[in-house]
Amino acid sequence: MAERIELLEFELLADAIYALGSTFNLKYVPIFIRYENHEHLNVRNVAKEALLELSKSNRDTKE
């Protein structure tokens, strides 16, 4: 999915980003960064939330 995310219709994009974010895999950070300024609010919000959750998760594992 990650390799083909740019081919998705914007209606599915937020769900795809959410799914990738729920893996907590740092390799998807470039995707989240790419979409955090997307023209559609829902896509932006999901991408930003994924980055925030990854940041929290990474911080929690270091404590």
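Add 667 to a position in the sequence shown, counting from 1, and you land on the number used in the numbering used here. Think of the CB as a built atom: it goes at the ideal place given N, C-alpha and C, for glycine as much as any other residue.
Burial state of Leu679, where buried means 16 or more other Cβ atoms lie within 10 Å: exposed
Count the other CB atoms, across all protein chains shown, that sit within 10 Å of the CB of Ile700; report buried if there are 16 or more and exposed otherwise. exposed
For the alpha helix (DSSP H) holding Phe677, just list the boundary residues, first then last. Phe677 to Gly688
For Lys715, which residues from the same chain have a beta carbon less than 7 Å from its beta carbon, with the 5 sequence-adjacent residues on both sides left out? Glu703
With DSSP collapsed to three states, give me the class of Phe699. helix
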